[in-house]
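If you read the protein sequences in the order shown, they are chains A and B.
Start counting the first sequence at 1; every next residue gets the next number (this note's numbering).
Start counting the second sequence at 205; every next residue gets the next number (this note's numbering).
We put the CB at the ideal spot given by N, CA and C, even for glycine.
Keep in mind it's a predicted model, so treat the numbers as computed, not measured.
Number of protein chains: 2
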Amino acid sequence: MESSQSTKRQPDQTRQRLLESAFEEMHRNGFRGASLETILKETGVTKGALYHHFGSKAKLGLAVIDEIIRPFVEENWQPVLAADNVIDGAIALTRRLTHERNDFALQLGCPFNNLIQEMSPIDEDFRALLNGILQEWRDGVVEALRLGQTRGQVRADIDPVATSDFLISAIEGCVGLTKATHSDAFYKNGMQGLEQFLEQLRPR
Amino acid sequence: MESSQSTKRQPDQTRQRLLESAFEEMHRNGFRGASLETILKETGVTKGALYHHFGSKAKLGLAVIDEIIRPFVEENWQPVLAADNVIDGAIALTRRLTHERNDFALQLGCPFNNLIQEMSPIDEDFRALLNGILQEWRDGVVEALRLGQTRGQVRADIDPVATSDFLISAIEGCVGLTKATHSDAFYKNGMQGLEQFLEQLRPR
DNA sequence: ATGATTCCATACCGACTAGTATGTATGTTG
DNA sequence: CAACATACATACTAGTCGGTATGGAATCAT
Chain A
1 MESSQSTKRQ
11 PDQTRQRLLE
21 SAFEEMHRNG
31 FRGASLETIL
41 KETGVTKGAL
51 YHHFGSKAKL
61 GLAVIDEIIR
71 PFVEENWQPV
81 LAADNVIDGA
91 IALTRRLTHE
101 RNDFALQLGC
111 PFNNLIQEMS
121 PIDEDFRALL
131 NGILQEWRDG
141 VVEALRLGQT
151 RGQVRADIDP
161 VATSDFLISA
171 IEGCVGLTKA
181 THSDAFYKNG
191 MQGLEQFLEQ
201 LRPR
Chain B
205 MESSQSTKRQ
215 PDQTRQRLLE
225 SAFEEMHRNG
235 FRGASLETIL
245 KETGVTKGAL
255 YHHFGSKAKL
265 GLAVIDEIIR
275 PFVEENWQPV
285 LAADNVIDGA
295 IALTRRLTHE
305 RNDFALQLGC
315 PFNNLIQEMS
325 PIDEDFRALL
335 NGILQEWRDG
345 VVEALRLGQT
355 RGQVRADIDP
365 VATSDFLISA
375 IEGCVGLTKA
385 THSDAFYKNG
395 MQGLEQFLEQ
405 LRPR
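Structural data, given as C-alpha cells:
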C-alpha cells in the first residue's frame, strides 16, 4: 500500500520536462525574461530538483539550446542539404515555411535567432554555442552549393560561402522582422525574394 | 556668491542627456536589461528628475526610439531614397556600411533591429512604434523602386513591395547574425549578396 | 541490511529593480 | 513679492529573482 503510493523517480523524464518547459518559456520571453518559477509551476517540479539537474539558469538555457534548438535547426535544414538539387531543396523549404506558417509562432519569431539576438552581446558562452550551431548550418549550405556546382546545378561563378551567408541572413532577417510587422504579406515577400534569389543561382 | 554657486536648471539638456545615456544602455543590454541606476550614474541626474521627464522606464524607452533611433534609421536611408538611381544609392549604402563598419558596434548589432527582436513579442506599444518606423522605411524603398521603374532604371517585372521587404530583411538579418559570428567575412558576405541582388534589379 | 549516491523538496537569502512619497530649489507670472 | 509651476533630490517600498542551505526519499551497490 505504502510503496504503491510513493513517488517513483523518473529523472530522465523530469529533466526532459524541464527542458521542454524552459524552451517554451524562453521562446515566449527570451532567456533573461524566462522565469524559473513559471517553469517550475508548469512542470510541477521543485526548485531543488531543477538545481539538481542544472546547476544554474544559464546551464539550463545552454542545455535547451544544445538539446532542443540544435535538433530543431537541423531538422529544418537536413532535407535541403540532402536534396538531389540544393536549389530545389531550398525552394521547397521556403515554400514549406510559407505554407506551414503559424501566425502565433511568427509573432514569437525563430527561437534560434531570438537567442542569438538576445544573448550574443551579453554572454560569451551562449554566443559560442549559438555560433557553433550557426556555423554548422552555414557549412552545410556551403557544402551543398559546392556539390551543386560539381553537378552543374548551381552557377560556377558564385561564391558558395558568400551565398550561404546571404541566404541565411535573408531567412532569419525576414522571420525576425515579421515579429514587428505581424504581416503575412511581409513574411511571404521575404520568402518570395529568397526564392527569386535562389532561382538566379541556377546556371544560365 | 550664493547665487553664482547655485545649480542652474537646464531641463532640455537634462532630458537629452537621459535620452542619450538610455540609448547607449539599451544598445548594450537591451531595454529590459537597461538599468535606470546605471543611466542615473552616467548622467549624474537623479531619479526624481528622471521620473519628472519620463513617467516610467517604458516611456523613456519609447522616447529613445522616437527621438534617437528613428532619426538614426532615417539618416541611413534618406540618401538612398533621394539618389538619382535607387540601385546605385542602395549599393553605395552597402559599400558605406561595409567600409565604415565598427567592430564593437557590430557585436552589439543594429539598435533598431535589436529592439524589434526584444520587444515586439512582449510589448505592444513598443512593437507598434517600431513597426511604424519600419513601415516608413519600407514605404520609402517601395516609392524609390517605383520611381526607378518609371525612369527605366529598375526592372519593370519586379514587385517593389516584395523587393523592398526582402532587401530590408537581408540587411537586418546580416547585421543581426553578425552578433553571433563576430565575423568580418560574414558581414561582408551578407553585404555582397545584397549588392548582387541589387544588381539583378537593373533592367536587362 | 547498510551505506553511499542520486534525486527531489522546502524555506530562506541577498541583491536588484522600477516606482513612490516626500521634500527642496529654481523659474515664471501677475 | 507671493503664489504657483516646474525641475530636481533623496529615502524608502514592495516585489521579483536566481541561488543556497538543509533535509528527506528513492535507488544503487555491496
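Can you tell me which of A:L36, A:G152 and A:P71 puts its alpha carbon nearest to the alpha carbon of S56 (chain A)?
Within the first sequence, numbered from 1, the residue matching residue 56 (chain A) stands at position 56. Checking every option, the nearest Cα to that of S56 (chain A) belongs to A:L36.
Quick check: the region 153-160 of chain A against the region 77-88 of chain A, are there 3 or more CB pairs under 8 Å?
These segments touch.
Cα-Cα separation between I133 (chain A) and R70 (chain A), rounded to whole angstroms
Here residue 133 (chain A) refers to the residue found at position 133 when the first sequence is read from its first residue. Here residue 70 (chain A) refers to the residue found at position 70 when the first sequence is read from its first residue. Approximately 7 Å, taken between the alpha carbons.
With 8 Å set as the bound, which would you pick, yes or no: does the beta-carbon of V268 (chain B) sit closer than that to a beta-carbon of chain A?
Position 64 of the second sequence, counted from the first residue, corresponds to residue 268 (chain B). By the rule that beta-carbons nearer than 8 Å mark a contact, V268 (chain B) does not touch chain A.
For Q78 (chain A), is the classification buried or exposed, using 16 other Cβ atoms within 10 angstroms of its Cβ as the cut-off for buried?
Counting from one through the first sequence, the residue named residue 78 (chain A) turns up at place 78. The residue is exposed, with fewer than 16 neighbouring Cβ atoms inside 10 Å.
Helix, strand or coil at S164 (chain A) [DSSP, three-state]:
Working through the first sequence from its first residue, we reach residue 164 (chain A) at position 164. Residue state, collapsed to three classes: helix.
Contact list for A384 (chain B) against chain A, beta-carbon separation under 7 Å
What you label residue 384 (chain B) is simply residue 180 of the second sequence in a count that begins at 1. Within chain A, the residues placing a beta-carbon under 7 Å from that of A384 (chain B) are I116, S120, R127, L130, N131 and L134, ordered along the chain.
At the 8 Å Cβ level, is L312 (chain B) part of the contact set with chain A, yes or no?
Counted from its first residue, the second sequence places residue 312 (chain B) at position 108. Yes, L312 (chain B) counts as interfacial toward chain A.
Residue closest to V64 (chain A), alpha-carbon to alpha-carbon, out of A:L201, A:D165 and A:L18:
Numbered from 1 along the first sequence, position 64 holds the residue referred to as residue 64 (chain A). Of the candidates A:L201, A:D165 and A:L18, the one whose C-alpha sits nearest the C-alpha of V64 (chain A) is A:L18.
Give the straight-line distance between the Cα atoms of M119 (chain A) and L50 (chain A), rounded to the nearest whole angstrom.
In the first sequence, counting from the first residue as 1, residue 119 (chain A) sits at position 119. In the first sequence, counting from the first residue as 1, residue 50 (chain A) sits at position 50. In a straight line, the C-alpha of M119 (chain A) is about 22 Å away from that of L50 (chain A).
Taking the alpha carbon of A22 (chain A) as the reference point, which residue from A:D125, A:V45, A:L194 and A:Q10 has its own alpha carbon closest?
Working through the first sequence from its first residue, we reach residue 22 (chain A) at position 22. Of the candidates A:D125, A:V45, A:L194 and A:Q10, the one whose C-alpha sits nearest the C-alpha of A22 (chain A) is A:V45.
Return helix, strand or coil for R202 (chain A), following the three-state DSSP convention.
For the purposes of this step, residue 202 (chain A) is identified with residue 202 of the first sequence, where counting begins at 1. Reduced to three states, the DSSP call for R202 (chain A) is coil.
Given that a residue counts as buried once 16 or more other Cβ atoms are within 10 Å of its Cβ, and exposed if not, what is Q321 (chain B)?
Here residue 321 (chain B) refers to the residue found at position 117 of the second sequence. Buried, since its Cβ has 16 or more Cβ neighbours within 10 Å.
Does DSSP put Q339 (chain B) in a helix, a strand or coil?
Walking along the second sequence from the start, residue 339 (chain B) turns up at place 135. The answer is helix: DSSP assigns Q339 (chain B) an H, G or I state.
Rounded C-alpha distance that separates L405 (chain B) from Q217 (chain B):
Along the second sequence, read from residue 1 onward, the residue named residue 405 (chain B) stands at position 201. Along the second sequence, read from residue 1 onward, the residue named residue 217 (chain B) stands at position 13. So the alpha carbons of these two residues sit roughly 46 Å apart.
Specify whether the region 339-356 of chain B and the region 386-393 of chain B touch according to this definition: at least 3 beta carbon pairs, one from each stretch, less than 8 Å apart.
no
In three-state terms, what does DSSP make of I158 (chain A)?
Residue mapping note: residue 158 (chain A) aligns to position 158 of the first sequence, counting from 1. Here I158 (chain A) sits in coil by DSSP.
Would a C-beta distance cut-off of 8 Å place N233 (chain B) and I122 (chain A) closer than the cut-off?
Residue numbering aside, residue 233 (chain B) sits at position 29 when the second sequence is read from its first letter. Residue numbering aside, residue 122 (chain A) sits at position 122 when the first sequence is read from its first letter. The answer is yes: Cβ separation under 8 Å.
Nearest neighbour of N102 (chain A), chosen from A:L81, A:D125, A:R9 and A:K179 [CA to CA]:
In the first sequence, residue 102 (chain A) corresponds to position 102, counting from 1. The shortest Cα separation from N102 (chain A) among A:L81, A:D125, A:R9 and A:K179 belongs to A:K179.
Please list, in chain order, the chain B residues whose beta carbon lies closer than 7 Å to that of V142 (chain A).
Counted from its first residue, the first sequence places residue 142 (chain A) at position 142. Taking a Cβ-Cβ threshold of 7 Å, none of the residues of chain B is close to V142 (chain A); the smallest such distance is about 11 Å.
Would you report the Cα separation of R32 (chain A) and Q214 (chain B), rounded to the nearest angstrom?
The count along the first sequence starts at 1 and reaches residue 32 (chain A) at position 32. The count along the second sequence starts at 1 and reaches residue 214 (chain B) at position 10. Rounded to the nearest angstrom, the two C-alpha atoms are 37 Å apart.
Candidates B:M230, B:D363, B:L297 and B:G397, of which the one nearest V161 (chain A) by Cα
The residue given as residue 161 (chain A) occupies position 161 in the first sequence. The option with the nearest alpha carbon to V161 (chain A) is B:G397.
Compute the Euclidean distance between the alpha carbons of L333 (chain B) and L129 (chain A), then round it to the nearest angstrom.
In the second sequence, residue 333 (chain B) corresponds to position 129, counting from 1. In the first sequence, residue 129 (chain A) corresponds to position 129, counting from 1. Cα-Cα distance, rounded: 33 Å.
Contacting residues, own chain, Cβ-Cβ under 6 Å from E195 (chain A) (five flanking each side not counted):
Position 195 of the first sequence, counted from the start, is the residue given in the question as residue 195 (chain A). Taken in chain order, the residues that qualify are I91 and T94.
Start-end ranges of the alpha helix (DSSP H) lying completely within the region 252-297 of chain B, minimum 4 residues
261-268 and 274-286
As a quick exercise: from A:F112, A:W137, A:L106 and A:F126, pick the residue whose alpha carbon is nearest that of S164 (chain A).
The residue you call residue 164 (chain A) lines up with position 164 of the first sequence. Answer by Cα proximity: A:W137.
Which chain A residues sit within Cβ distance under 7 Å of G352 (chain B)?
By one-based count along the second sequence, residue 352 (chain B) stands at place 148. Result: empty, since nearest Cβ-Cβ is about 17 Å, beyond 7 Å.
G252 (chain B), buried or exposed, once every other Cβ within 10 Å from all chains shown has been counted against 16
On the second sequence, residue 252 (chain B) is found 48 positions in, with the first residue counted as 1. Exposed.
May I ask you to report which of helix, strand or coil DSSP gives N306 (chain B)?
What you label residue 306 (chain B) is simply residue 102 of the second sequence in a count that begins at 1. DSSP places N306 (chain B) in coil when its eight states are reduced to three.
Residue span of the alpha helix (DSSP H) that contains A22 (chain A), given as start and end
As a first step, residue 22 (chain A) must be located in the first sequence, where it is residue number 22. P11 to G33 is the span of the alpha helix (DSSP H), which, as asked, contains A22 (chain A).
Is I168 (chain A) close to chain B? Criterion is C-beta to C-beta, closer than 8 Å.
If you number the first sequence from 1, residue 168 (chain A) lands on position 168. By this cut-off, I168 (chain A) is an interface position.
Check P111 (chain A) in the structure and name its three-state DSSP category.
Translated into positions along the first sequence, residue 111 (chain A) becomes position 111. Three-state DSSP puts P111 (chain A) in a helix.
Whose C-alpha, out of A:D184, A:V175 and A:G89, is nearest the C-alpha of L145 (chain A)?
Indexing the first sequence from 1 puts residue 145 (chain A) at position 145. Checked all of A:D184, A:V175 and A:G89; the closest Cα to L145 (chain A) is A:G89.
Sequence-distant residues of the same chain with beta carbon closer than 8 Å to S207 (chain B), five excluded per side:
Within the second sequence, the letter at position 3 stands for residue 207 (chain B). In this prediction, S207 (chain B) scores a pLDDT of 34, lower than 50, which makes its location untrustworthy; the coordinate-derived value is nonetheless stated afterwards. Answer for S207 (chain B): no residue qualifies.
Supposed contact pair E172 (chain A) and G313 (chain B) - C-beta distance, whole angstroms, cut 8 Å:
To locate residue 313 (chain B), count along the second sequence from 1; it is residue 109. To locate residue 172 (chain A), count along the first sequence from 1; it is residue 172. That pair is no contact at about 12 Å.
Near H182 (chain A), which residues of its chain fall below 7 Å by C-beta distance, leaving aside the five closest residues on each side in sequence?
Residue numbering aside, residue 182 (chain A) sits at position 182 when the first sequence is read from its first letter. The answer, listed in chain order, is Q107.
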